[in-house]
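Undergrad: Numbered per numbering that gives the first Met the number 0, the sequence shown spans residues 0 to 243.
In this text, a Cβ means the ideal position worked out from N, Cα and C, and glycines have one as well.
In this text the structure is predicted, and so the values were computed from the model without any measurement.
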Amino acid sequence: MAAQARRSPVRALTRVTRFLAGGIAVLLGCYFLVGWLASSVPRNGGWQASSAPDAIEIMIGTNGVHTEIILPQRAAGVDWTHVLPPADLAVNRQGLPHRGYTHVGISWGEREIFLDTPTWADLSPFAVLRIVTRGGSALLHVAHYVRPAPSRNYRPLRISRAEYQQLATAIMATLPPRRPDRKRPVYAGYTAQDVFYDARGTYTIFRTCNQWTSERLAGAGIKTGWWTPFAGGVMKWVPEPGSG
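If you want it as structure tokens, here you go:
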């Protein structure tokens with residue numbers, strides 16, 4: 000009887016642990032399912048890519064988990080070199096030769112995840128728990144490119160000048176005002192060709208990096224998903240090159 004009494008708390012703890020694990024699994028499953036379904040509901044459903052002679056080609060890029068909006072350095076009266084200057088890059092601060100950048104890739108995400116997890120292997124479960132329970136402040140990730148080639152992960156999208164200007168305005172609104180000296184704090188990126196800047200907004204499981212991408216596109220009138228917490232929910236609305 001004494002041995003049975005000692006085993007009872009262990010069994011109870013095991014049952015509670017299994018119940019909690021099962022509950023978490025169900026919640027995660029619901030999150031993924033709702034995320035995928037909601038990303039299939041279109042915003043700006045009647046939108047079509049522009050065929051106008053002065054249309055501007057942008058790209059939507061992904062690494063399978065995270066998405067970015069890739070824009071020409073100069074187009075439709077918007078000069079990104081004045082907003083997000085290549086001079087902020089480590090490669091330029093070190094006095095190395097300029098590579099002749101043609102495009103800038105912009106994305107938004109959680110500050111500590113951006114700065115402390117250069118690879119997914121560095122992602123801490125405690126960081127995930129913190130984001131799930133209370134979210135986190137944001138950073139803008141900016142990468143500079145030289146003539147990025149279209150591919151499955153870098154998909155071109157032709158938009159009108161007016162749409163491009165709306166998109167650029169929405170992205171710029173994510174940046175906080177410049178300091179009195181007209182400079183922005185700059186944080187080192189993963190390579191010599193990318194950096195981070197402070198950004199407005201709070202990252203949560205409902206407003207993810209990919210949702211930020213789709214919100215910018217939708218705000219410019221471009222077709223995208225309604226709620227897109229995952230990269231696939233954004234990319235499903237951008238045809239692969241050569242797919243017609």
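Inspect the beta-carbon positions of Leu88 and Val103 and report whether they are closer than 7 angstroms.
TA: Along the sequence shown, one-based indexing puts residue 88 at 89. Along the sequence shown, one-based indexing puts residue 103 at 104. Contact: no.
Undergrad: For the alpha helix (DSSP H) that Leu166 lies in, which residues bound it at each end?
TA: Taking the first residue of the sequence shown as 1, we reach residue 166 at position 167. Unbroken alpha helix (DSSP H) run through Leu166: Arg160 to Met171.
Undergrad: What's the C-alpha gap between Leu216 and Arg154?
TA: For the purposes of this step, residue 216 is taken as the residue at position 217 of the sequence shown. For the purposes of this step, residue 154 is taken as the residue at position 155 of the sequence shown. Roughly 14 angstroms between the two C-alpha positions.
Undergrad: Gly60 and Ile69 - do their beta-carbons sit closer together than 7 angstroms?
TA: Within the sequence shown, numbered from 1, the residue matching residue 69 stands at position 70. Within the sequence shown, numbered from 1, the residue matching residue 60 stands at position 61. Yes, Cβ-Cβ distance for Ile69 and Gly60 is below 7 angstroms.
Undergrad: Which residues bound the alpha helix (DSSP H) around Asp115?
TA: The count along the sequence shown starts at 1 and reaches residue 115 at position 116. Element bounds for Asp115: Arg110 to Asp115.
Undergrad: In this structure, how does DSSP classify Ile130 when only helix, strand and coil are distinguished?
TA: Here residue 130 refers to the residue found at position 131 of the sequence shown. Residue state, collapsed to three classes: helix.
Undergrad: Where DSSP assigns a beta bridge to Glu214, which residues make up the other side?
TA: By one-based count along the sequence shown, residue 214 stands at place 215. The partner list for Glu214 (beta bridge, DSSP) is empty, contrary to what the question assumes.
Undergrad: Can you tell me where the beta strand (DSSP E) holding Gly135 begins and where it ends?
TA: If you number the sequence shown from 1, residue 135 lands on position 136. Here the beta strand (DSSP E) through Gly135 covers Gly135 to Tyr144.
Undergrad: Which first and last residues belong to the beta strand (DSSP E) in which Val185 is found?
TA: For the purposes of this step, residue 185 is identified with residue 186 of the sequence shown, where counting begins at 1. Unbroken beta strand (DSSP E) run through Val185: Val185 to Ala187.
Undergrad: By Cβ distance below 7 angstroms, which residues in the same chain neighbour Ser39 in space, the five residues on each side in sequence not counted?
TA: Translated into the one-based positions of the sequence shown, residue 39 becomes position 40. Within the same chain, Ser39 has close Cβ partners Gly224.
Undergrad: Can you tell me which of the three DSSP states Val194 falls into?
TA: Mapped onto the sequence shown, residue 194 falls at position 195. In this structure, Val194 counts as strand in the three-state DSSP scheme.
Undergrad: Taking only three categories from DSSP, how would you classify Thr66?
TA: For the purposes of this step, residue 66 is taken as residue 67 along the sequence shown, with counting starting at 1. It is a strand residue.
Undergrad: For Gly244, which of helix, strand or coil comes out of DSSP?
TA: The displayed coordinates of the chain run from 0 to 243. Any statement about residue 244 would go beyond what the structure contains.
Undergrad: Alpha carbon to alpha carbon, how far is His140 from Ser213?
TA: What you label residue 140 is simply residue 141 of the sequence shown in a count that begins at 1. What you label residue 213 is simply residue 214 of the sequence shown in a count that begins at 1. His140 and Ser213: Cα-Cα distance of roughly 16 angstroms.
Undergrad: Got a sec, what are the start and stop residues for the alpha helix (DSSP H) Thr61 sits in?
TA: Here residue 61 refers to the residue found at position 62 of the sequence shown. Here Thr61 belongs to no alpha helix (DSSP H); instead the beta strand (DSSP E) covers Ile55 to Thr61.
Undergrad: Could you pull the start and end residues of the alpha helix (DSSP H) that Ala230 belongs to?
TA: As a working mapping, residue 230 is identified with position 231 in the sequence shown. Element bounds for Ala230: Ala230 to Met234.
Undergrad: Verify whether the separation of the beta carbon atoms of Ile221 and Trp46 is less than 7 angstroms.
TA: Here residue 221 is taken as the residue at index 222 of the sequence shown, counted from 1. Here residue 46 is taken as the residue at index 47 of the sequence shown, counted from 1. In this structure, Trp46 lies closer than 7 angstroms to Ile221 by Cβ.
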